[in-house]
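Written below as structure tokens is the structure these notes are about.
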Amino acid sequence: DSGVTQTPKHLITATGQRVTLRCSPRSGDLSVYWYQQSLDQGLQFLIQYYNGEERAKGNILERFSAQQFPDLHSELNLSSLELGDSALYFCASSPWTGHYEQYFGPGTRLTVT
Amino acid sequence: DAKTTQPPSMDCAEGRAANLPCNHSTISGNEYVYWYRQIHSQGPQYIIHGLKNNETNEMASLIITEDRKSSTLILPHATLRDTAVYYCIVRVLNTGNQFYFGTGTSLTVIP
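Chains as they are written, first to last, in our numbering: chain A, 72 to 184; chain B, 557 to 667.
Set out below in structure tokens:
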């Protein structure tokens with residue numbers, strides 16, 4: 072158990088819909104990262120927040136957005152969903168940016184039908 | 557960040573040492589080598605990291621060649637629970653944000 076929690080564990084929704092994935096980092100960790108893992112793309116970095124502020128962006132689509140709240144939990148919002156958005160979405164946390172270890176949550180499996 | 561090359565798959569007999577190679581010929585002087593693993597759709601898990609000296613912890617050993625162009629992760633006594641995808645990543649320590657995970661090596665430990 073990494074100490075990072077993600078909800079929900081599974082999510083099934085239809086194309087065109089919007090969903091919100093939630094992540095609670097390890098106690099004391101200020102940095103939160105979101106990754107997407109699909110069968111054909113592997114594990115891809117989406118976005119990072121540090122203490123409430125966006126720190127880095129990766130291959131995140133404009134239909135996707137995220138935020139980190141004052142209590143340090145983070146939400147990833149996915150809108151206008153397409154079949155290709157079906158994937159595992161992982162959240163990871165670390166004490167600070169660049170720390171050698173990122174602690175990954177169990178992931179949210181999103182299925183778009 | 558430098559690119560890494562790993563074999564797509566490997567097998568190892570249970571109880572034997574698993575040696576997973578990684579090439580990073582374009583690594584720069586301040587880039588560390590990190591190893592993570594992912595067990596069947598779980599979140600990736602940190603294993604070990606190092607700069608140029610060999611490193612050992614309770615999970616594994618990391619051997620980095622003198623020219624730093626390649627490294628080997630050693631699991632000394634592989635168990636069935638070590639079956640996973642192993643990712644070798646190079647990154648500057650304490651800078652940069654995300655890890656870039658490549659395709660990794662799928663290790664299967666055989667009973």
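The C-beta atom is built at its ideal place from N, Cα and C for all residues, glycine as well.
Asked	Found
Grab the span of the beta strand (DSSP E) containing R535 of chain B for me, first residue to last.	As shown, chain B starts at 557 and ends at 667. That puts residue 535 of chain B outside it, with no answer to give.
Is it buried or exposed for G660 of chain B, if we count other Cβ within 10 angstroms and need 16 for buried?	buried
What residues from chain A crowd round Q654 of chain B, counting only those whose CB sits closer than 7 Å?	Y104, F116, Q119, A127, G129
Could you check whether the Cβ of Y160 of chain A sits closer than 8 Å to any Cβ belonging to chain B?	no
Using a Cβ-Cβ distance cut-off of 8 Å, determine whether S98 of chain A contacts chain B.	no
May I have the straight-line CA-CA distance separating L618 of chain B from P632 of chain B, to the nearest angstrom?	11 Å
State the start and end residues of the unbroken beta strand (DSSP E) segment that holds F161 of chain A.	158–165
Go ahead and label I595 of chain B buried or exposed: buried means 16 or more other beta carbons lie within 10 angstroms of its beta carbon, across all protein chains shown.	exposed
So is R593 of chain B buried or exposed if we call it buried at 16+ other beta carbons inside 10 Å?	buried
Classify G571 of chain B as buried or exposed, calling it buried when 16 or more other Cβ atoms lie within 10 Å of its own Cβ.	exposed
Check for me: the beta strand (DSSP E) holding T182 of chain A runs from which residue to which?	179–183
From this set, A:L132, A:F116, A:N148, A:F175, which residue's C-alpha is nearest Y602 of chain B's C-alpha?	A:F175
Rank B:S597, B:L607, B:C578 by C-alpha distance to the C-alpha of S584 of chain B and give the top, closest one.	B:L607
Quick check: the Cα distance between R647 of chain B and G658 of chain B, rounded to an integer number of angstroms?	13 Å
Thinking just about the alpha-carbon of each residue, which of A:I83, A:L92, A:Y104 is nearest to the one in G169 of chain A?	A:Y104
Near V665 of chain B, what residues of its chain come up, given a Cβ to Cβ distance below 6 Å and the 5 sequence neighbours on each side ignored?	C568, E570, A634, L636, D638, T639
Counting beta carbon pairs with one atom in the segment 78–88 of chain A and one in the segment 135–142 of chain A, are three or more of them shorter than 8 Å?	no
For S73 of chain A, which residues in chain B fall below 7 Å Cβ to Cβ?	G599
Taking buried to mean at least 16 other C-beta atoms within 10 Å of its own C-beta, is P564 of chain B buried or exposed?	exposed
With a threshold of 16 other CB atoms inside 10 Å of the CB of Q108 of chain A, please say whether the residue is buried or exposed.	buried
Could you have a look at R519 of chain B and say whether DSSP puts it in helix, strand or coil?	A question about residue 519 of chain B goes unanswered here, because the residues of chain B that appear run from 557 up to 667.
Of all Cβ atoms in chain A, is any one closer than 8 Å to the Cβ of Y642 of chain B?	no
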